[in-house]
Every structure is written in C-alpha cells, then in structure tokens.
Ligand SMILES: [Zn+2]
Ligand SMILES: [Zn+2]
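Have a look at this one:
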C-alpha cells in the first residue's frame, strides 16, 4: 500500500538538504528533517513548536512548600524563587 506524499519545498534542519516530499503535512517547517537525518536519529526536533520538552535535572527546593524539585522544564539561574509543579499550578489557578 502506498502512502500519500505531501509535496512542497522545505529544508532539512539537520543537513540543509531540500525536502520535496513528506509523508505528512508539516505544521512547523523550521524543524523538518530529511529521511537520512531522520533515519540516523542525529537530529532532535527543536524546542520551539511543541514536541518533546527537554527537562533539566537537578536538586532544587521549592520556595513555597519546601519540597524538593528534581526536574524543571528550564535551567534555573539560581536557587531563589523556584516553585514545585504543585505550587506553580496553585499560583496560576
Ligand atoms: Zn538532513
Ligand atoms: Zn511547592
């Protein structure tokens, strides 16, 4: 069974090669990878535009409840004013 290919004029974010066909219609065009780069697994999708988010691991402390924080979606500059996910959610609710 043949898959429908979407035609376009994109660029691989890994090697810069032109991509003219994709098995899907891309919503974001700045993090596309050609088949070679995709197969080699070298190119991780860029952070912007969704996809998987990189988590930073460490040993921090929540400034609100004192719970330890081991993962953050960003790299904190200092230890001050960090909040755990629970407190973060509470503060936004
Ligand atoms: Zn490539
Ligand atoms: Zn907390």
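Residue numbers (the numbering used here): 1432 to 1524.
Don't be surprised by glycine CBs; every beta carbon is placed ideally from N, CA and C.
Taken from the Cβ of residue 1451, every heavy atom of ligand 1 lies 8 Å or farther away. Unbroken beta strand (DSSP E) runs of no fewer than 3 residues, entirely contained in the stretch 1434-1476, are found at 1437-1442, 1449-1453, following chain order. The beta carbon of residue 1511 is closer than 8 Å to those of 1494 in its chain, skipping five residues each way along the sequence.
Every residue whose beta carbon comes nearer than 6 Å to a heavy atom of ligand 1 appears here in chain order: 1443, 1445, 1446, 1448, 1464, 1465, 1467, 1468.
A residue is called buried once 16 or more other Cβ atoms fall within 10 Å of its Cβ, and residue 1459, having fewer, is exposed.
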